[in-house]
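A.B. asks:
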Amino acid sequence: MKIQPAKSINGKITLPGDKSISHRAAIFSAMATGETRIENFATSADCASTLNCLRNLGVEIRQENSTIFVKGVGKTGFQKPSKNLDCGNSGTTMRLLAGVLAGQSFDAVLVGDESLSKRPMKRIIEPLTKMGAKIEAENFCAPLKIYGKNPLQSIFYKLPVPSAQVKSCILLAGLNAENKSEIQSATSRNHTELMLRYLGAEIEEKFVEAEDGFIQQVSIDGNSKLIAKNLQIPSDISSAAFFIVAAACLKDSEIVLENVGLNPTRTAIVEVLQSLGADISVLNQKKVCNEIVGDVLVRGRTSFAPKTSSNIISGDVIANLIDEIPILAVFGTQIENGLEVRNAEELRVKESDRIAAVVENLRRMNADVEEFADGFRVGKSDLKGATMNSFGDHRIAMAFAVAALFAKGETKIVGAECAKVSFPEFFQTLKKIVR
Ligand code: S3P
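Here it is as structure tokens:
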């Protein structure tokens with residue numbers, strides 16, 4: 002993929018459905034009783050992996066463009082699959098389905114691609130084993146052979162990492178446990194909590210004081226039942242982030258991104274960009290299926306007046322913008338004093354080692370960048386077109402496509418097709434709005 006520098010991006014666009022929410026919509030409606038219509042289901046390859054796995058577990062799913070219809074089988078109505086369940090590149094598919102499978106009365110194997118087979122699964126194996134499931138996995142990595150049990154034991158568990166995938170995995174297992182399970186963790190995205198409540202589960206979220214400050218506590222009652230209810234998926238704020246940064250940094254840009262998911266556990270990217278001086282406003286906010294949605298208006302600037310004295314992004318906010326850090330790094334090259342990201346060691350175990358990938362690609366573009374074990378620092382830089390490596394990671398491919406718009410000369414992205422993992426229409430959309 003070759004990309005030329007740009008002057009501006011302009012237009013009004015509606016992006017595909019949120020990947021995180023789509024995974025949950027498909028899985029939870031499969032666990033519900035009744036049929037669900039899901040509108041604006043994500044076009045991402047990751048969500049297609051979830052649908053395939055569910056079909057192999059005996060769930061009937063029909064698709065008409067971006068609308069899907071799921072016939073719920075109930076919490077324990079899945080069928081033993083006749084083959085391994087292929088999660089592709091999708092950590093969310095593997096970790097959430099592990100929670101579902103732990104509470105079934107059969108065994109099944111979850112497999113993934115090369116990248117997913119290297120990602121840490123101890124974080125779900127440990128709590129699911131405590132709940133009574135048996136899991137075989139070499140070095141705590143996929144393939145995972147899960148021997149389910151029903152009912153599972155309920156659990157009180159404090160997450161060692163603030164991960165929404167792990168929290169959701171335990172909540173799904175908790176739906177098939179005796180009594181109430183409780184999970185404590187630093188805040189992470191809460192789509193699972195909101196959607197399970199929307200579908201009728203007994204689930205509570207509160208903040209409690211722990212040694213390390215206030216943390217989130219979620220409890221779920223294993224006697225909960227899910228009742229099918231139609232769902233509308235908002236556009237994906239993590240996909241929107243690429244266009245937000247592109248428009249913010251290219252003078253004369255003005256874009257409106259319609260119907261974007263604005264759940265407060267996902268909007269940290271907007272808040273951080275605003276605090277660093279980007280011109281972003283949110284319009285027409287409303288609540289749809291328990292999630293906040295709205296339109297995002299972005300205007301381009303040539304210079305930024307930060308509203309904060311520090312350009313260091315660290316601490317609890319990291320979990321709430323974890324997927325946006327590659328594009329935030331690109332933004333850092335365009336602002337006075339650059340920026341520093343810390344406490345982001347989780348980035349090293351995403352679809353690629355995103356700290357190493359960001360640092361390597363920024364260096365190739367001649368940026369001033371320093372790598373730390375838990376993050377990086379990037380200074381304001383004049384980017385030069387170069388050959389980028391996507392490292393097979395969708396968010397790296399798209400972040401550096403945006404960096405290419407700010408660079409002098411042509412940029413080539415090797416392996417850009419991996420963008421399809423979350424956003425197959427990315428390059429087409431970009432081409433439409435770029436000048
Ligand atoms: C996701 C949670 C995050 C995120 C991933 C999607 C989810 O992962 O990086 O892209 O849908 O729950 P972790 O929960 O492992 O941080």
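Per the numbering used here, the sequence shown runs over residues 2 to 436. Glycine included, each C-beta is placed from N, C-alpha and C at the ideal position.
Could you name the residues that DSSP lists as bridge partners for R378?
C.D. replies: Within the sequence shown, numbered from 1, the residue matching residue 378 stands at position 377. DSSP lists E341, E371 as partners of R378.
A.B. asks: Tell me, which residues are paired with I1 by DSSP?
C.D. replies: As displayed, the chain neither begins before 2 nor continues past 436, which places residue 1 out of reach and without an answer.
A.B. asks: Roughly how many whole angstroms lie between the Cα atoms of A398 and D354?
C.D. replies: Reading the sequence shown from its first residue, position 397 is the one you call residue 398. Reading the sequence shown from its first residue, position 353 is the one you call residue 354. Straight-line Cα distance between these residues: approximately 13 Å.
A.B. asks: Looking at C1: is its Cβ nearer than 8 Å to the Cβ of R96?
C.D. replies: The structure shown does not extend to residue 1, since the chain is modelled only from 2 to 436, so the question has no answer here.
A.B. asks: Within the stretch 44-132, note down every full beta strand (DSSP E) run reaching 3 residues or more, in order along the chain.
C.D. replies: 61-65, 68-72, 108-112
A.B. asks: Considering only C-alpha positions, which residue in the set E179, V101, L298 is nearest to F79?
C.D. replies: Along the sequence shown, one-based indexing puts residue 79 at 78. Here the closest residue by C-alpha is V101.
A.B. asks: 8 Å is my cut-off, CB to CB: does N90 come that close to chain D?
C.D. replies: Protein chain content of the structure displayed is limited to a single chain, and chain D is not contained in it.
A.B. asks: Rounded C-beta distance between A103 and A138? I'm assuming under 8 Å.
C.D. replies: Start at 1 with the first residue of the sequence shown, and residue 103 comes out as number 102. Start at 1 with the first residue of the sequence shown, and residue 138 comes out as number 137. The pair is not a contact, with the Cβ atoms about 13 Å apart (cut-off 8 Å).
A.B. asks: Taking C-beta to C-beta, are S155 and K181 nearer than 8 Å?
C.D. replies: In the sequence shown, residue 155 corresponds to position 154, counting from 1. In the sequence shown, residue 181 corresponds to position 180, counting from 1. Taking the C-beta atoms as reference points, K181 is found nearer than 8 Å to S155.
A.B. asks: Measure the C-alpha to C-alpha separation of G89 and H395 and round it to an integer number of angstroms.
C.D. replies: In the sequence shown, the residue the question calls residue 89 occupies position 88. In the sequence shown, the residue the question calls residue 395 occupies position 394. Rounded to whole angstroms, G89 to H395 spans 13 Å at the Cα level.
A.B. asks: Going by the DSSP bridge assignment, what does F208 pair with across the sheet?
C.D. replies: Along the sequence shown, one-based indexing puts residue 208 at 207. F208 is bridged to Q217.
A.B. asks: Buried or exposed for T303, please, with buried defined as at least 16 other CB atoms from any protein chain shown within 10 angstroms of its CB.
C.D. replies: Taking the sequence shown and counting its residues from 1, the one referred to as residue 303 is at position 302. T303 should be labelled exposed.
A.B. asks: Compute the distance between the beta-carbons of V273 and A330, then report whether it is under 8 Å.
C.D. replies: Here residue 273 refers to the residue found at position 272 when the sequence shown is read from its first residue. Here residue 330 refers to the residue found at position 329 when the sequence shown is read from its first residue. No.
A.B. asks: Would V435 be called buried (16 or more neighbouring beta carbons within 10 Å of its own) or exposed?
C.D. replies: In the sequence shown, the residue the question calls residue 435 occupies position 434. Flag for V435 reads buried.
A.B. asks: Beta-carbon separation of A143 and L111 under 8 Å?
C.D. replies: Against the sequence shown, residue 143 aligns to sequence position 142. Against the sequence shown, residue 111 aligns to sequence position 110. With contacts defined by Cβ atoms closer than 8 Å, A143 and L111 form a contacting pair.
A.B. asks: For N224, is the classification buried or exposed, using 16 other Cβ atoms within 10 angstroms of its Cβ as the cut-off for buried?
C.D. replies: In the sequence shown, counting from the first residue as 1, residue 224 sits at position 223. With fewer than 16 other Cβ atoms within 10 Å, it is exposed.
A.B. asks: Taking only three categories from DSSP, how would you classify N285?
C.D. replies: One-based indexing of the sequence shown puts residue 285 at position 284. In the structure shown, N285 sits in a strand (DSSP, three-state: E or B).
A.B. asks: Any heavy atom of ligand 1 closer than 7 Å to the CB of I323?
C.D. replies: Residue numbering aside, residue 323 sits at position 322 when the sequence shown is read from its first letter. Checking every heavy atom of ligand 1 against the Cβ of I323, one is found closer than 7 Å.
A.B. asks: Does the stretch 305-314 come close enough to the stretch 276-295 that 3 or more CB-CB pairs lie under 8 Å?
C.D. replies: yes
A.B. asks: Classify F157 as buried or exposed, calling it buried when 16 or more other Cβ atoms lie within 10 Å of its own Cβ.
C.D. replies: The sequence position of residue 157 within the sequence shown is 156, counting from 1. Burial call: exposed.
A.B. asks: When the Cα of E205 is compared with those of S189, M366, F215, D222, which residue comes out closest?
C.D. replies: Residue mapping note: residue 205 aligns to position 204 of the sequence shown, counting from 1. The shortest C-alpha separation from E205 is found at D222.
A.B. asks: In terms of residues, what are the limits of the alpha helix (DSSP H) holding N362?
C.D. replies: As a working mapping, residue 362 is identified with position 361 in the sequence shown. Note, N362: alpha helix (DSSP H), 355-365.
A.B. asks: Is it true that the CB of E259 sits closer than 8 Å to the CB of D317?
C.D. replies: Taking the sequence shown and counting its residues from 1, the one referred to as residue 317 is at position 316. Taking the sequence shown and counting its residues from 1, the one referred to as residue 259 is at position 258. No; because the gap between Cβ atoms is not below 8 Å, this pair is not in contact.
A.B. asks: Taking the C-alpha atoms as reference points, what is the distance between A404 and S254?
C.D. replies: Indexing the sequence shown from 1 puts residue 404 at position 403. Indexing the sequence shown from 1 puts residue 254 at position 253. If I take the Cα positions, the gap works out to 15 Å.
A.B. asks: For the alpha helix (DSSP H) containing T309, name the first residue and the last one.
C.D. replies: Within the sequence shown, residue 309 is the residue found at index 308, counting from 1. That residue, T309, is in no alpha helix (DSSP H); it is neither H nor E in DSSP.
A.B. asks: Across the stretch 383-391 and the stretch 364-375, are there enough close Cβ pairs to call them in contact, namely three or more that are closer than 8 Å?
C.D. replies: yes
A.B. asks: Would you decide whether K150 is buried or exposed? Buried here means 16 or more other CB atoms lie within 10 Å of its CB.
C.D. replies: To locate residue 150, count along the sequence shown from 1; it is residue 149. K150 is buried by the Cβ-count criterion.
A.B. asks: Taking the alpha helix (DSSP H) that E411 belongs to, which residues open and close that run?
C.D. replies: Taking the first residue of the sequence shown as position 1, residue 411 is located at position 410. Per DSSP, E411 belongs to no alpha helix (DSSP H) and is neither H nor E.
A.B. asks: For N191, which residues of its own chain have a beta-carbon under 6 Å away from its beta-carbon, when the five flanking residues on both sides are left out?
C.D. replies: Taking the first residue of the sequence shown as position 1, residue 191 is located at position 190. Once the five neighbours on either side are set aside, the close Cβ partners of N191 are T266.
A.B. asks: Can you list, in chain order, the residues of its chain whose CB lies under 8 Å from that of I293, leaving out five sequence neighbours each side?
C.D. replies: As a position in the sequence shown, residue 293 is number 292, starting the count at 1. Cβ neighbours of I293 beyond the five flanking positions: G262, L263, N264, P265, Q286, K287.
A.B. asks: Just checking E347 against ligand 1 - is the residue's beta carbon closer than 7 Å to any of the ligand's heavy atoms?
C.D. replies: Reading the sequence shown from its first residue, position 346 is the one you call residue 347. Under cutoff, so the answer is yes.
A.B. asks: Give the single residue among L322, L195, Q233 whose Cα lies nearest to the Cα of A242.
C.D. replies: Stepping through the sequence shown from its first residue, residue 242 is reached at position 241. The shortest Cα separation from A242 among L322, L195, Q233 belongs to L322.
A.B. asks: I need the straight-line Cα distance from V219 to V162, nearest angstrom please.
C.D. replies: Here residue 219 corresponds to residue number 218 of the sequence shown, with the count starting at 1. Here residue 162 corresponds to residue number 161 of the sequence shown, with the count starting at 1. So the alpha carbons of these two residues sit roughly 15 Å apart.
A.B. asks: In the DSSP assignment, what residue or residues form a beta bridge with Y148?
C.D. replies: By 1-based counting over the sequence shown, the position of residue 148 is 147. Residue pairing from DSSP places Y148 in a beta bridge opposite D108, K135.
A.B. asks: Just to confirm my understanding: we take A165, look at its own chain, exclude 5 residues before and 5 after, and list those with CB closer than 6 Å. What are they?
C.D. replies: Indexing the sequence shown from 1 puts residue 165 at position 164. Counting only Cβ-Cβ distances below 6 Å, and skipping sequence neighbours, we find S189, R190.
A.B. asks: Taking only three categories from DSSP, how would you classify R300?
C.D. replies: The sequence position of residue 300 within the sequence shown is 299, counting from 1. Reduced to three states, the DSSP call for R300 is strand.
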